[in-house]
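*Asks:* Sharing a structure below in structure tokens format, with a few things to ask.
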């Protein structure tokens, strides 16, 4: 058996602290793949984390391999496609999604589900978030390749967003897609921003036993009959996994993400609770 | 009539019921005659300028209902088909995975063609007169089946429904195929405008009631199409035979689609299409927009049983009116001293022009330095603040009515000036606050650009304030053009900022006559809702100031004041004619 761990290190402390827990937990890992963008936020701090991870691999006799991912959408897709294609069919996959961009998570799942039965996902909350801004300079919202949904004529568009701490990114999504309806899943119970359109708001805990899947699935299935649906996950990464599970069940939904250019280096610190789940990739 | 319902709802036109579109829309015959013509037309305007409302109003679905409502015969000579492009189909990115440009173009055209044909069948399937006139149904089926290369489900009673079901099935099949892992992003069974839409129109024109119909294909939000779809659309616009159909394309000015066709040629204004600017340059009483605004508000009030005119419903602050009259008298005295001989030729006009130029400035100049903000109220003030954009007209009215509803249980016959003032100032402050956070709201605007835009506008307002209080000849010029554009590198960088501001509706543009005869230049109109919280007069005058590109750039980047002089050099002021009405 070939046990691999895929990680996308960032400048955050939990990037390395989580990795340490990963390799303690899974003693049979053969290889660790360290993904990074060719141009990433806070490169020197990220490089430091990568070095820490590589050293830890050396100590544990685990082979590590870098994968540099281009920042352009097409090249990013092709790189991940090739990566997944070249994995051995007997591979057991662990993915540490703690600091992995959502578009990478979803793309990996898409390619993995063609060949593998399941993948185990690991996520670590930070110990705390700062009160400052999290991200800035959003790019143009994108629909993920091959996940742009099945659009039907005559149906209105509903934007379904799981918010995080950055409510302004929701405004940007609403401004860009101009949906007829907006449904917002809030985990922070903050008051909704002025979206320009009155949203339907529901509360969600993306850290519950199902990672929010039950409520997301129930909401989505009720909308699909009458709307074309664009789904964005801006909250915890656990919610992004649940969104993808919904996509596997309802491939007519479109998955959207908003690339950001700038992240606050101090937006979180330390490491908190761990979340682990094995996701079935076939026969959903 | 339900006065508890706010009559100034300004939801996107696509979300309005048909009845509301008929009730709310004020026909502008300048637009209608172009849209109903056989010419290809581009409707240009940022969000809220009324493009979608105009297209929807002119769609056959609405015109049909309107005819029945007014008991007049339905006109089948022009069939308006509304084709909205703001839907997820136009955001699909899979074509980018194709290396072949031709295949990218084919897939894009396939989606667009199916969208157009679907819009046609959806329009026609609900018109009983057309269905009744289908006499040779079998021939029509055979013709369309030959074009499509398939057999339609003839169990549908309605011919158009059968085609619609096929189109809908086809759009789903295309997407399923392309989204599937292992399938190419290219779909083999694609259809083009030439292979489907044109022959389809020719087939349905065999229905006698449609034999002389001209189809107005009204493509909405064309800026959301990808490059290949835009090129395809331009190619169709360049198509010479316009007897059966023409295009009316609504798009924003920023991100306006290129003019290039699929074959690398171009379409040309005047030759292939005409443009209409939906943003009205003048808001003064007597202008087209003022009249339209009056009609829009009056209609909305009438719909809920409120009879006062818009000017009565939004009365001006009485102290402001008195103070303005006093200022006018003072300025008139000055004018008479300057031009004492009123019998001398031209002096009456000079006096009137003098009063027009300076009376409002005199009001602002005569206020105490430490006075609070002046009051902002009155219907003409609301029209001024709209900057010629309909949604900007309805927005403050909506909030004013909402505020009055909260405090008044009985019938609302007017909005008190203090409520109007409060709302206008609040909305103005909100707009400035929005400007501070542009990087969070407008795609591809970073924090540095947002900061620069704020600094630019801040310094523009400072300049306008100084002019208002001190300028000797054109105190109320609040529109600017850019000079020294030969400094191209700076001009390009500045334009990036200005385009973001335009996308955010902080700034509008017009084309007008330059001082050099025959030349035209772009002039920039800040959103006048920015003015009240800065104590400025949104009621500008018919002139604009020429500002150097370097000064504007300095203001943006370095937060430097824009140089002020209390007189302008002659070539820097362009005095516009009151009847100058050129569109971009």
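Protein chains in written order, with my numbering: chain A, 4 to 287; chain B, -3 to 580. Glycine included, each C-beta is placed from N, C-alpha and C at the ideal position. All of these numbers come straight from a predicted model, not from anything done at the bench.
Since residue 540 of chain B is in the beta strand (DSSP E), which residue starts that stretch and which ends it?
*Replies:* From DSSP, the beta strand (DSSP E) with residue 540 of chain B extends over 539 to 544.
*Asks:* Give the list of continuous beta strand (DSSP E) stretches no shorter than 3 residues that lie fully inside the region 471 to 525 of chain B.
*Replies:* DSSP runs (the beta strand (DSSP E)) wholly in the region 471 to 525 of chain B: 476 to 479, 503 to 509 and 516 to 522.
*Asks:* Return the first residue and the last residue of the alpha helix (DSSP H) that residue 448 of chain B is part of.
*Replies:* 443 to 466 is the extent of the alpha helix (DSSP H) around residue 448 of chain B.
*Asks:* With which residues is residue 11 of chain B paired in a DSSP beta bridge?
*Replies:* Paired residues: none, contrary to the question.
*Asks:* Examine chain B for any beta-carbon lying closer than 8 Å to the beta-carbon of residue 6 of chain A, and answer yes or no.
*Replies:* Chain B, which has no Cβ nearer than 8 Å to the Cβ of residue 6 of chain A, makes this no.
*Asks:* Would you check if there are 3 or more beta carbon pairs closer than 8 Å linking the region 408 to 418 of chain B to the region 363 to 380 of chain B?
*Replies:* The region 408 to 418 of chain B is in contact with the region 363 to 380 of chain B.
*Asks:* Please state whether the Cβ-Cβ distance between residue 212 of chain A and residue 105 of chain A is less than 8 Å.
*Replies:* No, Cβ-Cβ distance for residue 212 of chain A and residue 105 of chain A is not below 8 Å.
*Asks:* Against residue 140 of chain A, what residues of chain B qualify as contacts under a CB-to-CB distance less than 7 Å, listed in chain order?
*Replies:* What residue 140 of chain A touches in chain B: 435, 442 and 443.
*Asks:* Taking C-alpha atoms, which residue in B:65, B:122 and B:91 lies nearest to residue 77 of chain A?
*Replies:* When only C-alpha atoms are compared, the closest one is B:91.
*Asks:* Whose Cβ in chain A lies nearer than 8 Å to the Cβ of residue 83 of chain B?
*Replies:* Within chain A, the residues near residue 83 of chain B are 154, 160 and 231.
*Asks:* For residue 114 of chain B, return the contacting residues in chain A, with the cut-off set at a CB-CB distance below 9 Å.
*Replies:* Result: 156 and 157.
*Asks:* Considering only residues of the same chain and omitting the five flanking positions on each side of residue 151 of chain A, which have a CB-CB separation below 7 Å?
*Replies:* So the list reads 257, once near-sequence residues are dropped.
*Asks:* If the cut is a Cβ gap below 8 Å, which residues of chain B does residue 149 of chain A touch?
*Replies:* Within chain B, the residues near residue 149 of chain A are 90, 174, 175, 176 and 177.
*Asks:* Taking the Cβ atom as the reference point for each residue, do residue 525 of chain B and residue 381 of chain B lie within a distance shorter than 8 Å?
*Replies:* Against a cut-off of 8 Å, the Cβ pair of residue 381 of chain B and residue 525 of chain B comes out as a contact.
*Asks:* If we require 4 or more residues per run, which alpha helix (DSSP H) segments fall completely within the region 53 to 112 of chain A?
*Replies:* Taking only runs of at least 4 residues, the alpha helix (DSSP H) segments lying wholly in the region 53 to 112 of chain A are 76 to 88.
*Asks:* Among the residues of its own chain, which have a CB less than 7 Å from the CB of residue 194 of chain A, if the five just before and after it don't count?
*Replies:* Only weak support exists for where residue 194 of chain A lies, its pLDDT of 46 falling under 50; the value from the coordinates is given anyway. Excluding sequence neighbours, residue 194 of chain A sits near nothing in its chain.
*Asks:* Would residue 240 of chain A be called buried (16 or more neighbouring beta carbons within 10 Å of its own) or exposed?
*Replies:* Answer is buried; the Cβ neighbour count reaches 16.
*Asks:* When you compare only the Cα positions, how much space is there between residue 94 of chain B and residue 264 of chain A?
*Replies:* Taking the straight line joining both Cα atoms gives about 27 Å.
*Asks:* Return the first residue and the last residue of the alpha helix (DSSP H) that residue 116 of chain B is part of.
*Replies:* 97 to 120 is the extent of the alpha helix (DSSP H) around residue 116 of chain B.
*Asks:* Taking the C-alpha atoms as reference points, what is the distance between residue 130 of chain B and residue 204 of chain B?
*Replies:* Cα-Cα distance, rounded: 8 Å.
*Asks:* What distance in whole Å lies between the Cβ atoms of residue 218 of chain B and residue 246 of chain B, which are believed to be in contact at a cut-off of 8 Å?
*Replies:* So it is a contact: roughly 7 Å between Cβ atoms.
*Asks:* Per DSSP, residue 265 of chain A is paired with what?
*Replies:* For residue 265 of chain A, which the question treats as bridged, DSSP gives the partners A:139.
*Asks:* If we cut at 8 Å on Cβ distances, does residue 25 of chain A have a partner in chain B?
*Replies:* Cβ-Cβ to chain B under 8 Å: no for residue 25 of chain A.
*Asks:* Using a Cβ-Cβ distance cut-off of 8 Å, determine whether residue 89 of chain A contacts chain B.
*Replies:* Residue 89 of chain A does not count as touching chain B.
*Asks:* What do you get for residue 581 of chain B, buried or exposed, if any count of 16 or more other CB atoms within 10 angstroms of its CB means buried?
*Replies:* Nothing can be reported for residue 581 of chain B: it is not among the residues displayed for chain B, which extend from -3 to 580.
*Asks:* Using a threshold of 8 Å, state whether the C-beta atoms of residue 478 of chain B and residue 522 of chain B are closer than that.
*Replies:* No, Cβ-Cβ distance for residue 478 of chain B and residue 522 of chain B is not below 8 Å.
*Asks:* Please confirm if residue 449 of chain B has its CB atom under 8 Å from at least one CB of chain A.
*Replies:* So no, residue 449 of chain B is outside the interface.
*Asks:* Straight-line CA distance for residue 73 of chain A to residue 42 of chain A?
*Replies:* The alpha-carbon atoms of residue 73 of chain A and residue 42 of chain A are separated by roughly 8 Å.
*Asks:* Less than 8 Å between the beta carbons of residue 246 of chain A and residue 282 of chain A, yes or no?
*Replies:* Cβ atoms of residue 246 of chain A and residue 282 of chain A: not closer than 8 Å.
*Asks:* Going by the CB atoms, is the gap between residue 238 of chain A and residue 128 of chain A shorter than 8 Å?
*Replies:* No, these two residues do not count as a Cβ contact at 8 Å.
*Asks:* Tell me which residue opens and which closes the beta strand (DSSP E) that residue 46 of chain B is part of.
*Replies:* That residue, residue 46 of chain B, is in no beta strand (DSSP E); it is neither H nor E in DSSP.
*Asks:* Is it the case that the Cβ atoms of residue 8 of chain B and residue 48 of chain B are separated by a distance below 8 Å?
*Replies:* Their beta carbons are under 8 Å apart, which means residue 8 of chain B touches residue 48 of chain B by this criterion.
*Asks:* Measure the C-alpha to C-alpha separation of residue 13 of chain B and residue 34 of chain B and round it to an integer number of angstroms.
*Replies:* Looking at the two C-alpha atoms, the distance is approximately 28 Å.
*Asks:* For the candidate residues A:168, A:188, A:189 and A:163, whose alpha-carbon lies nearest to that of residue 181 of chain A?
*Replies:* Considering only alpha carbons, the answer is A:163.
*Asks:* What does a CB cutoff of less than 7 Å around residue 127 of chain B pick up in its chain, not counting 5 residues either side in sequence?
*Replies:* Around residue 127 of chain B: 154.
*Asks:* Out of A:271, A:224, A:279 and A:35, state which residue places its alpha-carbon closest to the alpha-carbon of residue 5 of chain A.
*Replies:* Minimum Cα distance to residue 5 of chain A is reached at A:35.
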